[in-house]
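Residue numbers (UniProt numbering), protein chains in the order written: chain S, 1 to 417; chain P, 1 to 417.
Beta carbons: idealized from backbone N, C-alpha and C, even for Gly.
Input: a single structure, listed below in structure tokens.
Protein chains: 2
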Amino acid sequence: MEGKGIAGKLLEKSDEISHLAIDIGGSLIKIVYFSTNSKCSTNDEAPTLSKERQEVPNGDLNHHILSGRLYFVKFETSKIEDCIKFLASKKLQQCGAQCRHSHAVDKIKIKATGGGAFKFADLFKEKLGITLDKVEEMESLVAGANFLLKAVNREAFTYIGGQKEYVQIDQNDLYPYLLVNIGSGVSMIKVDGEGKFQRVSGTSVGGGTFLGLGKLLTKCKSFDELLELSHQGNNRMIDMLVGDIYGGMDYTKIGLASTAIASSFGKAISENKELEDYKPEDIARSLLRMISNNIGQIAYLNALRFGLKRIILGGYFIHDHAYTMDTIAVAVDFWSKGEAKAMFLRHEGFLGALGAFMNYKDENADSMPLQLVAKSSSCIVDRIHNSTRVDENETGAVDCRLRVSSSFKIYDEVKRC
Amino acid sequence: MEGKGIAGKLLEKSDEISHLAIDIGGSLIKIVYFSTNSKCSTNDEAPTLSKERQEVPNGDLNHHILSGRLYFVKFETSKIEDCIKFLASKKLQQCGAQCRHSHAVDKIKIKATGGGAFKFADLFKEKLGITLDKVEEMESLVAGANFLLKAVNREAFTYIGGQKEYVQIDQNDLYPYLLVNIGSGVSMIKVDGEGKFQRVSGTSVGGGTFLGLGKLLTKCKSFDELLELSHQGNNRMIDMLVGDIYGGMDYTKIGLASTAIASSFGKAISENKELEDYKPEDIARSLLRMISNNIGQIAYLNALRFGLKRIILGGYFIHDHAYTMDTIAVAVDFWSKGEAKAMFLRHEGFLGALGAFMNYKDENADSMPLQLVAKSSSCIVDRIHNSTRVDENETGAVDCRLRVSSSFKIYDEVKRC
């Protein structure tokens, strides 16, 4: 179970999950959950949130503040059983099972997005008694990106010349931007504001292509292994460079250096070599560069089309990988002649899950009763916890507070236990 | 020798090559030559062109008309020795060798383009005594495309719903257009007129990628074999479709059918399968579709950028292959919502070589002394010969006439033999 180690770790440090949202993509399942560390009550009282409950500074007595932490976990979609086990082990399920209302467990609803929210709806119902409350995928991605860009300090950064540079974006100057989410496939969304967006493009050459082709071409078994392998490779062993065609010369007239890639995998047309004659790390590197460069180019062309100077990249494909970010950033810079900038996000893989999380609403009110709130007006997050990642499954847990309407019932009946 | 069969065939039916141009790319060498069928003189007289020589209708006595045929031949660049042998066997070389001027052979110059005109210049000099007279690659592509579009009947066609439809383009309405040449890599050129153009984009995901990745993933040895294999495959066995993610449903909100490809090669992320578990034909098909679709999309985005409604596709990658053309045409149609049209060319693989051929000029005059001329004002070509291709090496030989300045010396000194 890929998520096992971290799941155990999270269980130790988070006793209760108050809210959880899930994004089930073609390759990966991403989960975001909020935990308060309070003990779950086993009687019919309201949950023991007293230690975390605080009056909202503006005197809004209808709301409470829960202090806690947002956690980020992923599983491979092909191993969805591991995800089911993980969820079954968490308090949200245990609470439900102990409720005096015998049918309570059937009424657990969690926010879910991605195609798997449709595909696996019956499985979640059957195995966990959980109803997946579907949130539209693009809407979730946008809500998640907006949340991160507005609320989390040191979230967005540029990657130039191997250097990360964090950017604090002025909230009044955030829109419009192009959101490029690289999942199994790639979606490109023009974002004009909160809930104002349009999916303008995409490409099928994405993370699924990297892992799919990578698995066929190397002996790698996982995305992380393939990414690690690519780190050690040299794409010039297998890509056909301009210099390979021009006898070592630049093609100066059209501004292509001899080292520019003329044809990805072009050297592999050689008759005398077979797959076994190439190093897997060179193949992985070439593949990563081909896909990253292609995404950067298509992103730039779409940004150009709508006059968007800021391109925000999300999706687990990026995975804070230096070479991937460098290739995308260089592609955007090359094609835009420095006019457009690629920006990356620390929680890049969890936009959809975060957006679904933001979708929790009080059914009895128009206003959003559940929201991550700020201690100050500009930032809802106390600090970024764990800036050095523990492992690949945990992506920087975020300490934060949740503003909850007193009329809001988390997990419907279950939360009454 | 890939060109051997056709080379022999051509030798039988063409006794003398009067003009020849060569395009040496990263994967393929393309040759265009004009043959008059006249016998080469072995004395010091002018070549025996009397039978073909005609007065130009407008009474221009300084020019002659050569009747003959344009031939199109290709070799793999990795087998350049075969190309050298082919050229050595042709009359242009034999003429040179028999000249009374002992150094004449050293003065053969042929028009050459592509990176290989630089890379292999010394080899041609050494093995054949031929100097490659370099013509800039983009300039050649544009000249070749303009020639075909203006001069050759039934050259350009659309491919919609599996049907070719020939288009006779009004010469007054030809420009501007986007020329997309798919060689090992892809160049995208905005063409505004004769010699007026700008390379505006390109991608490294081209023909070299198809053959390179195809060779690594299947047991195919050649481009043609890989293309043939793809014809029998089903990309849905290996591509991840929208329906695979959404449990068989369309993603209607963003207009993606369940059958749309969400992630090229995305199904190959499956843990339980290895390369051997997939059919090579399905892999070839998926690869072809990924690359064709990607090129179609990037081409459309560039056409949109410059307001170009016509996208002309060239390069040997297309190779009159139904599925390739269909995928590109559908991609352009899909992304442009029917606004832009993809058009293909019968002699798609020889734009560069044809353009280099058009570059023969009289060094003593400003006007172009050598040009393919029309019998009528609108068309220089009598007819398209051999509309059913003999084999993959011959692409529709073209009967035509060559207008030659009397002061023009073909092959420099050599033509005096």
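Within-8 Å CB hit, residue i to chain P
i: S:Y246; result: yes
i: S:M237; result: no
i: S:S184; result: yes
i: S:L308; result: no
i: S:G195; result: no
i: S:E271; result: yes
i: S:A303; result: no
i: S:S336; result: no
CB contact flag (residue i, residue j, <8 Å)
i: S:V142; j: S:L179; result: yes
i: S:M343; j: S:V167; result: yes
i: P:H347; j: P:L174; result: no
i: S:A260; j: S:Q297; result: no
i: P:I311; j: P:K341; result: yes
i: S:M237; j: S:K279; result: yes
i: P:I182; j: P:F317; result: yes
i: S:L288; j: S:S230; result: yes
i: S:V200; j: S:K190; result: yes
i: P:D133; j: P:K107; result: no
i: P:I80; j: P:I29; result: yes
i: S:A284; j: S:L226; result: yes
i: P:G355; j: P:S140; result: yes
Residue i, DSSP secondary structure in three states
i: P:S18; result: strand
i: S:S230; result: helix
i: P:L359; result: The sequence shown places Asn at residue 359 of chain P, rather than the Leu named in the question. Note: P:N359 maps to coil in three-state DSSP.
i: S:A340; result: coil
i: P:L179; result: strand
i: S:T209; result: helix
i: P:M249; result: coil
i: P:G202; result: strand
i: residue 419 of chain S; result: An answer regarding residue 419 of chain S cannot be provided, because it is not within the stretch 1 to 417 covered by chain S.
i: P:V330; result: helix
i: P:I84; result: helix
i: P:E139; result: helix
Cα-Cα separation between residue i and residue j, rounded to whole angstroms
i: S:Q232; j: S:K219; result: 15 Å
i: S:F210; j: S:G144; result: 24 Å
i: S:Q171; j: P:M249; result: 37 Å
i: P:A257; j: P:H19; result: 52 Å
i: P:F223; j: S:L128; result: 52 Å
i: P:Q198; j: P:A299; result: 14 Å
i: S:E271; j: P:A121; result: 23 Å
i: S:L213; j: P:L217; result: 9 Å
i: S:G162; j: S:S35; result: 35 Å
i: P:I328; j: P:I22; result: 28 Å
i: S:G202; j: P:I245; result: 16 Å
i: S:N234; j: P:K164; result: 43 Å
i: P:E228; j: S:K196; result: 47 Å
i: S:V398; j: S:Y360; result: 18 Å
Nearest-angstrom Cβ-Cβ length linking residue i and residue j, presumed shorter than 8 Å
i: S:T113; j: S:E137; result: 5 Å
i: S:G207; j: S:S184; result: 6 Å
i: S:L304; j: S:S336; result: 7 Å
i: S:L301; j: P:L301; result: 4 Å
Residue-chain proximity (residue i, chain S), Cβ-Cβ < 8 Å
i: P:V142; result: no
i: P:L288; result: no
i: P:R285; result: no
i: P:F118; result: yes
i: P:M249; result: yes
i: P:G212; result: yes
i: P:S292; result: no
i: P:F265; result: yes
i: P:D136; result: A small fix is needed here, since residue 136 of chain P is Glu in this sequence, not Asp. With 8 Å as the cut-off, P:E136 counts as an interface residue toward chain S.
i: P:A262; result: yes
i: P:A112; result: no
i: P:I65; result: no
i: P:P89; result: The sequence as given places Ser at residue 89 of chain P; Pro does not occur at that position. It does not: the Cβ of P:S89 has no partner Cβ on chain S nearer than 8 Å.
i: P:A268; result: yes
i: P:T209; result: yes
i: P:L128; result: no
i: P:M188; result: no
i: P:K253; result: yes
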